[in-house]
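S.K.: Right, I'll just put the structure down here and ask away after.
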Amino acid sequence: MSDTRMELPQGTLDLLILKAVALEPLHGWAISERLQQISSDALQVQQGSLYPALHRLERRGWVKAKWAISENNRRAKYYELTSQGRKQLATESAAWRRLAAVVDSVLNMV
Amino acid sequence: MLSDLRYRFRALFRRNHLNAELDEELRDHIERETEKYLRAGLPVEEARRRALIALGGMEQARQQTRDSRGIRMIEQMLQDLRYGLRSLGKNRAFTAVFVFTLALGIGSCTAIFSLMTAVMFPPLPYGDAKRLVYITTPNQNMRQIPPEAIIPDNADFADMKRESHSFSAMTQFAQESFKLNGANTSLNGAAVDEDSSRRCKSHSSWGAESTLKTTSRRMTAWW
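Here you go:
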């Protein structure tokens, strides 16, 4: 199973987190679940690097965190995209697509 | 940028609060992950073990997240400072010697410098130095010479001195070298006009004085 899972390239985790919280505020565990689900379990998201990334994004003002009561009546820390984070998500998505397209065109070279 | 700074300040001054929050956040994560494995039918112990493995260990996650707050350098510096102060507190004798040495060093340096300033660098004997100005006559035709090096011509100076009312006194000097009574060595000095000795409050340290007769007027030379 571990052979089919891909390690994330450096720096992409931030982008994926921003995307995951773009739809609705989520707590840390839900973010890691969401990323696994969307990628159909193909992505290996290290849960241990999830929290440093979340706190780094919070520091940069791209997400903001607040404590709320979750669906099972427990207190959980929810992360929410800020307007600045939304801009960052757009910029980084565009950069990622550009990079992917360039790499793809080089690989398709005959 | 501003939110970054605000975040770091909060991380620094409300450290305990943030650490408690982080612990709660990570505990919550472990519980949810454990429940996921429980739902899959694993026994409690095994479920918890897997949850911890998935996170990569509670302590590691805690440490890495703290590091991402961007204040590690300051935190370590504060730790070093606290450690230093604690060590000083424990070694009273060492601290006493250390403080005494420092006090002696700073005290003697200050004393020597105050003495040097007072004895070796006395202000030049101009009286009120704030009211002293330097008169030059820059010449457009002599660009290779710095303008402040061109002083008024003797005759111009005499006119200025007679007709100007803006200054309480005026005196003139020019660097020159002199020969004494046919001796072979020349002395560096300044040719000044006769008012110089009256303008300066004291000039004993300026060297010997002798009066020369020039063709136009009396000048005094000091060296």
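Chains as they are written, first to last, in the working numbering: chain A, 1 to 110; chain B, 1 to 223. Note that beta-carbon positions come from the ideal geometry of N, C-alpha and C, so glycine has one too.
Classify VAL45/A as helix, strand or coil using the three-state DSSP reduction.
M.R.: DSSP places VAL45/A in coil when its eight states are reduced to three.
S.K.: For LEU13/A, tell me which candidate among GLN44/A, VAL102/A, ASN73/A, ASN108/A has the shortest Cα-Cα distance.
M.R.: For the residues GLN44/A, VAL102/A, ASN73/A, ASN108/A, the minimum Cα distance to LEU13/A belongs to GLN44/A.
S.K.: Taking 8 Å as the threshold (beta carbon to beta carbon), is GLU58/A in contact with chain B?
M.R.: At least one chain B Cβ lies under 8 Å of GLU58/A.
S.K.: So the candidates are SER166/B, ARG143/B, LEU88/B; which of them puts its Cα closest to the Cα of ARG131/B?
M.R.: Checked all of SER166/B, ARG143/B, LEU88/B; the closest Cα to ARG131/B is SER166/B.
S.K.: Less than 8 Å between the C-beta atoms of LEU50/A and SER32/A, yes or no?
M.R.: Yes. Within cutoff.
S.K.: Is the CB of SER76/B under 8 Å away from at least one CB in chain A?
M.R.: Sequence check: residue 76/B is Gln here, not Ser. Chain A contact via Cβ: absent.
S.K.: I'd like to know if the region 26 to 46 of chain B and the region 102 to 117 of chain B are in contact, where contact means that at least 3 CB-CB pairs between them fall below 8 Å.
M.R.: At 8 Å Cβ cutoff, the stretches do not touch.
S.K.: So, with DSSP's three-state summary, where would you put TYR134/B?
M.R.: In this structure, TYR134/B counts as coil in the three-state DSSP scheme.
S.K.: Looking at ALA51/B: is its Cβ nearer than 8 Å to the Cβ of GLU33/B?
M.R.: Contact: yes.
S.K.: Which same chain residues, not among the five before or five after LEU16/A, have their C-beta less than 6 Å away from its C-beta?
M.R.: Closer than 6 Å at Cβ, skipping near neighbours: LEU35.
S.K.: For chain B, is any of its Cβ atoms less than 8 Å away from the one on ARG98/A?
M.R.: Taking Cβ atoms only, chain B never reaches closer than 8 Å to ARG98/A, which makes this a no.
S.K.: Name the chain A residues that come within less than 9 Å of TYR7/B, Cβ to Cβ?
M.R.: Here the neighbours are HIS55, GLU58, ARG59, ARG60, GLY61.
S.K.: Using a Cβ cut-off of 8 Å, pull out every chain A residue sitting near ASP224/B, in sequence order please.
M.R.: Any question about residue 224/B goes unanswered here, given that chain B covers just 1 to 223.
S.K.: Round the Cβ separation of THR82/A and GLY61/A to the nearest angstrom and send it over; I've been treating them as touching at under 8 Å.
M.R.: At roughly 6 Å, the Cβ-Cβ gap stays under 8 Å, so THR82/A and GLY61/A are in contact.
S.K.: For ARG52/A, count neighbouring C-beta atoms within 10 Å of its own C-beta (all shown protein chains included) and say buried if the count is 16 or more, exposed if not.
M.R.: Before going on, a small fix: residue 52/A reads as Pro here, not Arg. So PRO52/A ends up on the buried side.
S.K.: The beta strand (DSSP E) spanning GLU31/B covers which residue range?
M.R.: Taken as a continuous stretch (DSSP letters only), GLU31/B belongs to no beta strand (DSSP E), being part of the alpha helix (DSSP H) at 15 to 39.
S.K.: Within 10 angstroms of the Cβ of GLU25/B, are there 16 or more other Cβ atoms? Answer buried if so, exposed if not.
M.R.: With 16 or more Cβ atoms within 10 Å of its Cβ, GLU25/B is classed as buried.
S.K.: Would you decide whether ASP80/B is buried or exposed? Buried here means 16 or more other CB atoms lie within 10 Å of its CB.
M.R.: Classification of ASP80/B: exposed, given that the 10 Å Cβ count is below 16.
S.K.: For the pair the region 93 to 100 of chain B and the region 54 to 74 of chain B, tell me if three or more CB-CB distances fall below 8 Å.
M.R.: Taking 8 Å as the limit for Cβ pairs, the verdict is that the region 54 to 74 of chain B does not touch the region 93 to 100 of chain B.
S.K.: For GLY48/A, which residues in chain B fall below 8 Å Cβ to Cβ?
M.R.: By Cβ distance, chain B contributes LEU55, GLY56, GLY57, GLN60, ALA61, GLN64.
S.K.: Which class does GLY105/B belong to by DSSP, given the choice of helix, strand or coil?
M.R.: GLY105/B: helix per DSSP, three-state reduction.
S.K.: What does a CB cutoff of less than 7 Å around HIS29/B pick up in its chain, not counting 5 residues either side in sequence?
M.R.: Hits under 7 Å: LEU55.
S.K.: With a 10 Å radius around its C-beta and 16 neighbouring C-beta atoms as the bar for buried, classify ASP156/B as buried or exposed.
M.R.: Result: exposed.
S.K.: Rounded to the nearest angstrom, what separates SER177/B and ALA190/B at their Cα positions?
M.R.: Roughly 7 Å between the two C-alpha positions.
S.K.: Can a CB atom of chain A be found closer than 8 Å to the CB of SER87/B?
M.R.: Chain A contact via Cβ: absent.
S.K.: Identify each residue in the region 12 to 26 of chain A for which the Cβ-Cβ distance to at least one residue of chain B is less than 8 Å, and report them in chain order.
M.R.: Hits within the stretch: zero.
S.K.: Please decide whether TRP17/B counts as near chain A, where near means a Cβ-Cβ distance under 8 Å.
M.R.: Looking at the sequence provided, one finds His at residue 17/B rather than Trp. So, not an interface residue.
S.K.: Do we get a CB-CB distance below 8 Å when we pair LYS66/A with the residues of chain B?
M.R.: Output row for LYS66/A: interface = no.
S.K.: What does DSSP give as the partner residue(s) for MET6/A in the beta ladder?
M.R.: Looking at the DSSP assignment, MET6/A forms a beta bridge with LEU43/A.
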